[in-house]
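For the sequence shown, the residue numbers in our numbering are 8 to 438. From the three backbone atoms N, C-alpha and C, an ideal C-beta is built for every residue, glycine too. Please read the structure below before turning to the comments.
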Amino acid sequence: MFIWATTEVKKQMADLNDELALLEEEIEDNPPNALLDFLEADDEVRPQIEMAFKLAKAYAKRTQRGEWYRWRMQWTKDLVPHVDEEIRNLESHLSFVREQREKLHDPMGELQQMHASLKAELEREKAIVAEIDSSDMEQLEGLRAGIAEQNIVIDGYKTDIAQAAAEADRYNAQLKERQSELQAAQDIIAASKRRGEQLGTTADDVSRKRASWHMLQDIHGWKGVRVTPELMEFTYMSSQLHVRMPMINFKPTCSDVTVAQLAVATLSEAQDQFPAVVDAMIIAGLEDVRSGAYTNHRLIVRRLDALWTSYNLVLTELRRLWIKHPLVLRSIGDGSIEANVRMILRPKLRPEFKAKVLVKLTFTKETMSQWPDKLRELGIDVQVAYGAVEPDHVLGILRNHIQSSSPSQHYCTLYDAFGEVATRYSGEVAH
Numbered sequence: 008m009f010i011w012a013t014t015e016v017k018k019q020m021a022d023l024n025d026e027l028a029l030l031e032e033e034i035e036d037n038p039p040n041a042l043l044d045f046l047e048a049d050d051e052v053r054p055q056i057e058m059a060f061k062l063a064k065a066y067a068k069r070t071q072r073g074e075w076y077r078w079r080m081q082w083t084k085d086l087v088p089h090v091d092e093e094i095r096n097l098e099s100h101l102s103f104v105r106e107q108r109e110k111l112h113d114p115m116g117e118l119q120q121m122h123a124s125l126k127a128e129l130e131r132e133k134a135i136v137a138e139i140d141s142s143d144m145e146q147l148e149g150l151r152a153g154i155a156e157q158n159i160v161i162d163g164y165k166t167d168i169a170q171a172a173a174e175a176d177r178y179n180a181q182l183k184e185r186q187s188e189l190q191a192a193q194d195i196i197a198a199s200k201r202r203g204e205q206l207g208t209t210a211d212d213v214s215r216k217r218a219s220w221h222m223l224q225d226i227h228g229w230k231g232v233r234v235t236p237e238l239m240e241f242t243y244m245s246s247q248l249h250v251r252m253p254m255i256n257f258k259p260t261c262s263d264v265t266v267a268q269l270a271v272a273t274l275s276e277a278q279d280q281f282p283a284v285v286d287a288m289i290i291a292g293l294e295d296v297r298s299g300a301y302t303n304h305r306l307i308v309r310r311l312d313a314l315w316t317s318y319n320l321v322l323t324e325l326r327r328l329w330i331k332h333p334l335v336l337r338s339i340g341d342g343s344i345e346a347n348v349r350m351i352l353r354p355k356l357r358p359e360f361k362a363k364v365l366v367k368l369t370f371t372k373e374t375m376s377q378w379p380d381k382l383r384e385l386g387i388d389v390q391v392a393y394g395a396v397e398p399d400h401v402l403g404i405l406r407n408h409i410q411s412s413s414p415s416q417h418y419c420t421l422y423d424a425f426g427e428v429a430t431r432y433s434g435e436v437a438h
């Protein structure tokens, strides 16, 4: 099993190295727009682009780690039937050894009793001989004849005793062999039990789980503040949102859950540019928690994490787009948000063909709460302020780019879509 797993891992590593080499060659030939923007950005915008890169890296790392954990869990499940089968075999061997030991116990007892009886009879015979030696000669000769006859009988007894002793030695050897097998079986059973106990929670497991807990907090952007049987508090999204969850013996009272936005002095202009999205996050989270019958505080944390992660991905898309194209957000009711983006098309080779396009993006509550699964349901409207640009042409480019994206490859979709509009316009003007 381990040799096979090692071979598979080496094979996958070789394939990944080949893919990495191909990707590096492709990046050298066709550097992505995000990297070009990073190189062209000034010192104020570059940290924001780096933050977006780090979020993408963390998301990819979390996905790969999740795949590894699922493989490890399946591998552990596959080992369990083999361990159970070995334990059953060892228990069967132990039963057999015990049966053999009980069979050997009865013959040994009988032989020991026979030996004791013969020894007692021999002592009696010695006493008789001593008594005869002190009597007269006629009686002595008669007794000697009787003793000779008895010696013949005794020799037969000795032969029987020797045979019994040899048989006892064989039984003792078999007993020692069975005891050795029993001890080996007990050692294997003890090792199996220790292995089973190691599958449970140990100090190392606790340490690993604590590290995983902190890693999950860093990846998802939330951090526990207080956990008691009566109250749980945690912050989310770089401590901007503070959740307070009253509980009764760790059972949450959903109607009393509150979410507040904290004042963070270190927020950059890009992070503080979209308060409408944060307000929508708070409203959506409270509505979901208060309307659901959650009986466990962990379920609420997981639900808010899943919901707010989708909103946070929308925020990342808007912040990335805001770096290149100015935009303004406003709430339009029912938890929906409208983003008005101003895009200036200025071809480098033909600056006289400058154009200004106004794009309205409509994010409904359902779209934001299930982003990026609902990416393709994003509402788009295009208007041209000035310039020789067809609104329908720009709208078609944006829709085609978004429709060709997938939930697994959604990062910078809006930024790349607007970049494709600028690239296509520059190419059309040049020709």
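Give the DSSP-derived three-state secondary structure of K258 in the structure shown.
-> The sequence position of residue 258 within the sequence shown is 251, counting from 1. Residue state, collapsed to three classes: strand.
State yes or no: is the C-beta of T1 within less than 8 angstroms of the C-beta of K381?
-> As displayed, the chain neither begins before 8 nor continues past 438, which places residue 1 out of reach and without an answer.
Can you check DSSP and say which residues form a bridge with D388?
-> Here residue 388 is taken as the residue at index 381 of the sequence shown, counted from 1. For D388, which the question treats as bridged, DSSP gives the partners K367.
What is the DSSP secondary structure of F241, reduced to helix, strand or coil?
-> Numbered from its first residue, the sequence shown carries residue 241 at position 234. Three-state result, F241: strand.
Beta strand (DSSP E) containing R234: first to last residue?
-> Here residue 234 refers to the residue found at position 227 when the sequence shown is read from its first residue. Reading the sequence as shown, one finds Val at residue 234 and not Arg. 229-234 is the span of the beta strand (DSSP E), which, as asked, contains V234.
Touching by the beta-carbon criterion (3+ pairs, under 8 angstroms), the region 405-412 and the region 317-329 = no
Counting only runs of 4+ residues fully inside the region 71-127, write out the alpha helix (DSSP H) ranges in chain order.
-> none
What is the DSSP secondary structure of E505, counted as helix, strand or coil?
-> Outside the displayed span of the chain (8 to 438) sits residue 505, for which this structure offers no information.
How long is the line joining the alpha carbons of P236 and Y66, rounded to whole angstroms?
-> For the purposes of this step, residue 236 is taken as the residue at position 229 of the sequence shown. For the purposes of this step, residue 66 is taken as the residue at position 59 of the sequence shown. Answer to the nearest angstrom: the Cα atoms are 33 angstroms apart.
Buried or exposed: which applies to T260, given that a residue is buried once 16 or more other Cβ atoms fall within 10 Å of its Cβ?
-> Taking the first residue of the sequence shown as position 1, residue 260 is located at position 253. T260 is exposed by the Cβ-count criterion.
Below 8 angstroms on the Cβ atoms is my guess for G292 versus V266; work out the distance and round it to an integer in Å.
-> Position 285 of the sequence shown holds residue 292. Position 259 of the sequence shown holds residue 266. The pair is a contact, with the Cβ atoms about 6 angstroms apart (cut-off 8 angstroms).
Give me the Cβ distance between S262 and R297, rounded to the nearest whole Å; I'm assuming they're in contact under 8 angstroms.
-> Here residue 262 refers to the residue found at position 255 when the sequence shown is read from its first residue. Here residue 297 refers to the residue found at position 290 when the sequence shown is read from its first residue. Sure, about 6 angstroms apart at Cβ, within 8 angstroms.
For the beta strand (DSSP E) that contains R337, what are its first and last residues?
-> In the sequence shown, counting from the first residue as 1, residue 337 sits at position 330. It spans 334-338 - the beta strand (DSSP E) in which R337 sits, taken as one unbroken run.
Would you call the region 103-111 and the region 171-188 in contact, with 3 or more CB pairs under 8 angstroms?
-> yes
Quick one: what's got a C-beta closer than 8 angstroms to L125's C-beta in the same chain, skipping five residues either side?
-> Here residue 125 refers to the residue found at position 118 of the sequence shown. Contacts found: Y164, I168.
Proximity of T371 and S343 at Cβ, strictly below 8 angstroms | The residue given as residue 371 occupies position 364 in the sequence shown. The residue given as residue 343 occupies position 336 in the sequence shown. Contact flag set, yes.
Cα-Cα separation, T70 to W78 | Start at 1 with the first residue of the sequence shown, and residue 70 comes out as number 63. Start at 1 with the first residue of the sequence shown, and residue 78 comes out as number 71. When rounded, the distance between both Cα atoms is 13 angstroms.
With DSSP run on the structure shown, which of helix, strand or coil describes V16?
-> Residue numbering aside, residue 16 sits at position 9 when the sequence shown is read from its first letter. Note: V16 maps to helix in three-state DSSP.
Under the rule that 16 or more other beta-carbon atoms within 10 Å means buried, what is A287, buried or exposed?
-> Counting from 1 along the sequence shown, the entry for residue 287 is found at position 280. Buried is the call here.
Could you spell out where the alpha helix (DSSP H) holding R349 opens and where it closes?
-> As a position in the sequence shown, residue 349 is number 342, starting the count at 1. Run containing R349: none in the alpha helix (DSSP H); it sits in the beta strand (DSSP E), 344-352.
Counting pairs of beta carbons, one from the region 380-396 and one from the region 413-426, are three or more of them closer than 8 angstroms?
-> yes
Taking the alpha-carbon positions, what's the Q170 to M121 distance?
-> For the purposes of this step, residue 170 is identified with residue 163 of the sequence shown, where counting begins at 1. For the purposes of this step, residue 121 is identified with residue 114 of the sequence shown, where counting begins at 1. Distance between the alpha carbons of Q170 and M121 is about 13 angstroms.
Tell me where the beta strand (DSSP E) around V264 begins and ends.
-> Locating residue 264 in the sequence shown gives position 257, counting from the first residue. Careful: V264 lies outside any beta strand (DSSP E) and carries neither H nor E.
Along the chain, which unbroken stretches of the alpha helix (DSSP H) at least 4 residues long are found entirely within the region 282-319?
-> 282-298
If you draw a straight line from the C-alpha of Q301 to the C-alpha of Q81, how long is it?
-> Indexing the sequence shown from 1 puts residue 301 at position 294. Indexing the sequence shown from 1 puts residue 81 at position 74. The question names Gln, yet the displayed sequence has Tyr at residue 301. Spanning the two alpha carbons is a distance of roughly 30 angstroms.
Assuming I289 and S199 form a contact by the criterion Cβ under 8 angstroms, report the distance between their Cβ atoms to the nearest whole angstrom.
-> Translated into the one-based positions of the sequence shown, residue 289 becomes position 282. Translated into the one-based positions of the sequence shown, residue 199 becomes position 192. In fact, because the Cβ distance is near 53 angstroms, the residues do not count as touching under 8 angstroms.
Please decide whether Y432 counts as near chain D, where near means a Cβ-Cβ distance under 8 angstroms.
-> Among the chains in the structure shown there is no chain D, since it carries only a single protein chain.
Residues near H332 by beta carbon distance below 7 angstroms, same chain, minus five either side = Here residue 332 is taken as the residue at index 325 of the sequence shown, counted from 1. Closer than 7 angstroms at the Cβ level, and outside the excluded window around H332, lie V348, R349, M350, F425.
Bridge partners of L248, per DSSP?
-> Here residue 248 is taken as the residue at index 241 of the sequence shown, counted from 1. Bridge partners of L248: Y243, Q268.
For Q416, which beta-bridge partners are listed by DSSP?
-> The residue you call residue 416 lines up with position 409 of the sequence shown. In DSSP, Q416 forms a bridge with S413.
Straight-line CA distance for A63 to I56?
-> Position 56 of the sequence shown, counted from the start, is the residue given in the question as residue 63. Position 49 of the sequence shown, counted from the start, is the residue given in the question as residue 56. Near 11 angstroms, if we compare the C-alpha coordinates of I56 and A63.
Quickly, what does DSSP pair A362 with across the bridge? List them, please.
-> One-based indexing of the sequence shown puts residue 362 at position 355. L352, per the DSSP bridge assignment.
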